Amino acid sequence: MKIRIIAVGRQKASPAKELCAEYLRRMKWDVAVREIDSPKAGTSVQEAPLILKELEKQPSLVVALDERGETLSSPAFANKLSGWQHAAPSNTVTFLIGGADGFDNSVRKKSGFLLSFGKQTWPHMLVRVMLLEQLYRAQQIIAGHPYHRQ
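Going by my numbering, the letters in the sequence shown line up with residues 547 to 696, in that order.
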């Protein structure tokens, strides 16, 4: 399975960046992270064309991390990801992480699924860690590895 993560903003040296690197190192799937520079004090309207341009580069099933999205348990996420793997163009799933203002409606409309990590607001740099951990957990659930405990 190929996974792309398109994220607004660049990670600076931090514990969050180190955790991202650790989960990427553990992954057996092909995972690529593409960081998009946001215009200074950029809004979701300004960021939308940059995100949409990245989406045009490779056909894939698009999942936007959005507060309006569906919340899933880890096993349900693993199950959905397994299904997406077979349904996605080029066997590629692209996850979108927006900037401080989230996504413009034009980006939401291009998404095949809206995923939420809950009703709270999370810093987008922390969301990267959370997504990578859930992807790693899903990989382990699908493989039958005991990393995830019920």
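C-beta: ideal position from N, C-alpha, C; glycine also. Fair warning: this is a prediction, and the values are worked out from it, not measured in the lab.
Query, Result
"Sequence-distant residues of the same chain with beta carbon closer than 8 Å to Thr640, five excluded per side", "Ile549, Arg550, Ile551, Ile552, Leu601, Gln604, Ser606, Leu607, Val608 and Val609"
"Cutoff 6 Å; reference Arg556; Cβ partners in own chain excluding five residues on either side", "Glu581"
"Alpha-carbon spacing of Tyr569 relative to Arg674, whole angstroms", "10 Å"
"Beta-carbon gap between Ala594 and Phe649 smaller than 9 Å", "yes"
"Rounded C-alpha distance that separates Gly658 from Met676", "20 Å"
"Span of the alpha helix (DSSP H), counted from its first residue to its last, around Phe623", "Ser620 to Ala633"
"Inter-residue Cα distance where the pair is Trp668 and Asp583", "19 Å"
"Backbone secondary structure at Arg674 - three-state DSSP", "helix"
"One or two residues paired with Leu660 in a DSSP bridge", "Ala610"
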